[in-house]
Amino acid sequence: MTNEPMPLSKARMEILSRAAGVCFDLDDTFTSSGKIASEAWRSLWAAHEAGLAMVAVTGRPAGWCDLVCRYWPVAGVVGENGAFYFAHDKKRRRIVRRFARSARKREEDRRRLDEVAMSVLRAVPRARISADQPFRIADLAVDFAEDVGPLTGEEVERVVEVMRSHGAAAKVSSIHVNCWFGRYDKQSMLLRFARDRLDLEEADARRRLVYVGDSPNDEPLFATFSLSVGVANVRRFLPEMKAPPAFITKGAEGAGFSELVRAVIRARASTKSGGGL
Ligand SMILES: [Mg+2]
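For the sequence shown, my numbering begins at 25 and goes up steadily by one.
Here you go:
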């Protein structure tokens with residue numbers, strides 16, 4: 025099978041030891057069956073204490089990301105599919121927020137997204153605006169399988185069509201269709217975060233940051249980072265993936281995340297050159 029990633033256990037020490045940080049998807053990569061298991065949580069702390077820059081990357085709303093950035097041991101978080109990053113400014117002891125779009129544009133976008141929402145609900149009456157919409161800053165999330173439905177494939181297609189007819193970008197996750205204005209994505213915002221906050225220019229970021237995820241919506245990031253890792257549950261998507269991860273863990277979901285963190289910490293400890301930022 026051409027898409028078969030290499031088992032993580034076979035990754036060479038010197039490759040893993042160059043990792044400066046781990047960027048991780050949240051749903052079904054860090055969480056297991058919708059919860060953060062104690063093992064994954066302990067691994068996040070272990071990685072942070074070992075000096076790795078831990079960066080959450082998600083489509084989840086700004087309100088959730090604010091909490092993640094404030095309370096979790098992370099260097100920062102990229103949220104709403106790349107609309108922003110939030111990061112700690114350690115010196116000034118405050119949270120820094122950087123957006124892909126200006127404040128004026130975001131206000132204008134919000135009005136346009138309200139129009140998109142009305143068109144979607146008219147065209148697909150069974151669709152609903154997501155329950156987490158009030159906590160979002162930059163995008164519109166239409167629910168098709170979280171608190172409603174699930175809607176049919178045709179209905180989801182129709183939602184996407186209506187969004188695109190308004191000139192918006194639309195992305196289907198496992199529960200929502202997200203839509204936004206502007207040419208940004210998780211990859212562009214993560215590279216900006218790396219440059220701004222970790223002092224890693226793009227070429228270095230691509231080599232020295234690990235990215236771990238679980239599904240087709242992680243593909244652009246698997247393609248970006250040479251240290252790309254899928255947790256075991258990515259396996260069912262491999263046949264249809266254009267950009268599979270380079271490595272795969274034995275464990276699924278949060279257990280896979282922990283396995284990766286252990287491997288990176290071990291590799292860095294084994295070489296003096298491995299390293300921090
Ligand atoms: Mg995921």
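Where a beta carbon is used, it is the ideal one built from N, C-alpha and C, also for glycine.
Source: prediction; values computed, not measured.
Among the options, the one whose alpha carbon lies nearest that of residue i
{"i": "A127", "options": "Y95, V148, E104 and A162", "result": "A162"}
{"i": "C47", "options": "V285, R188 and T295", "result": "V285"}
{"i": "R84", "options": "L145, S154, R135 and P29", "result": "S154"}
{"i": "V308", "options": "E28, A86 and L40", "result": "Limits of the chain in this structure are 25 at one end and 301 at the other, which puts residue 308 out of reach."}
{"i": "T82", "options": "R66, T55 and S67", "result": "T55"}
{"i": "I272", "options": "M265, S252 and E264", "result": "S252"}
{"i": "R259", "options": "G237, A291 and R188", "result": "G237"}
{"i": "L189", "options": "L137, S33, G45 and F159", "result": "The displayed chain sequence assigns Ser, not Leu, to residue 189. When each option's Cα is compared against that of S189, the closest is L137."}
{"i": "R118", "options": "E131, A99 and E132", "result": "A99"}
{"i": "E104", "options": "A287, K195, A256 and K274", "result": "K195"}
{"i": "A193", "options": "E181, R207 and V180", "result": "R207"}
Cut-off 6 Å between Cβ atoms - residues of its own chain near residue i, not counting five sequence neighbours on either side
{"i": "V101", "result": "A80, C89, V92, C93 and F110"}
{"i": "P268", "result": "N27, P29 and L262"}
{"i": "D209", "result": "G106"}
{"i": "R36", "result": "none"}
{"i": "K34", "result": "none"}
Rounded Cβ spacing between residue i and residue j (contact assumed at less than 8 Å)
{"i": "Q211", "j": "P244", "result": "5 Å"}
{"i": "V18", "j": "F168", "result": "As displayed, the chain neither begins before 25 nor continues past 301, which places residue 18 out of reach and without an answer."}
{"i": "R42", "j": "R219", "result": "In fact, because the Cβ distance is near 18 Å, the residues do not count as touching under 8 Å."}
{"i": "A291", "j": "L32", "result": "Contact flag wrong, Cβ pair sits at about 11 Å."}
{"i": "V186", "j": "S143", "result": "5 Å"}
{"i": "D133", "j": "F205", "result": "5 Å"}
{"i": "G58", "j": "L233", "result": "G58 to L233, Cβ: 26 Å. No contact."}
{"i": "A287", "j": "K274", "result": "Going by Cβ atoms, the distance from A287 to K274 rounds to 11 Å, so no, they are not a contact pair."}
{"i": "L215", "j": "A229", "result": "6 Å"}
Sequence-distant residues of the same chain with beta carbon closer than 7 Å to residue i, five excluded per side
{"i": "A247", "result": "A267"}
{"i": "A70", "result": "V285 and I289"}
{"i": "A61", "result": "G278"}
{"i": "G298", "result": "Caution is warranted here: a pLDDT of 49 is assigned to G298, below 50, making its placement in the model unreliable, and the coordinate value is therefore given only provisionally. Taken in chain order, the residues that qualify are S41, R42, A291 and R292."}
{"i": "S294", "result": "M37 and S41"}
{"i": "M265", "result": "N27, P240 and E243"}
{"i": "A141", "result": "I153 and L164"}
Close-in-space but distant-in-sequence residues of the same chain around residue i (CB under 8 Å, 5 per side omitted)
{"i": "F108", "result": "A86, C89, V102, R121, R122, F123, A124, I161, A162 and M213"}
Near ligand 3: residue i beta-carbon under 7 Å from a heavy atom
{"i": "G254", "result": "Among the ligands in the structure shown, ligand 3 does not appear; only ligand 1 can be found there."}
Next on the checklist: I'd like to know if the stretch 191-203 and the stretch 118-127 are in contact, where contact means that at least 3 CB-CB pairs between them fall below 8 Å.
Outcome noted: no
Checklist entry - Curious, which full-length beta strand (DSSP E) runs of at least 3 residues does the stretch 132-220 contain? => result If we require 3 residues or more, the beta strand (DSSP E) runs fully inside the stretch 132-220 come out as 164-167, 193-196 and 200-204.
Checklist entry - Are at least three pairs of beta-carbons, each pair with one atom in the stretch 165-185 and one in the stretch 136-156, less than 8 Å apart? => result Output reads yes: the stretch 136-156 touches the stretch 165-185.
Checklist entry - Is there contact here, the stretch 271-290 with the stretch 57-76, by at least three beta-carbon pairs under 8 Å? => result The stretch 271-290 vs the stretch 57-76: in contact.
Checklist entry - Unbroken beta strand (DSSP E) runs of length 3 or more, entirely within the stretch 215-260: which are they? => result Complete beta strand (DSSP E) runs here, min 3: 233-237 and 251-254.
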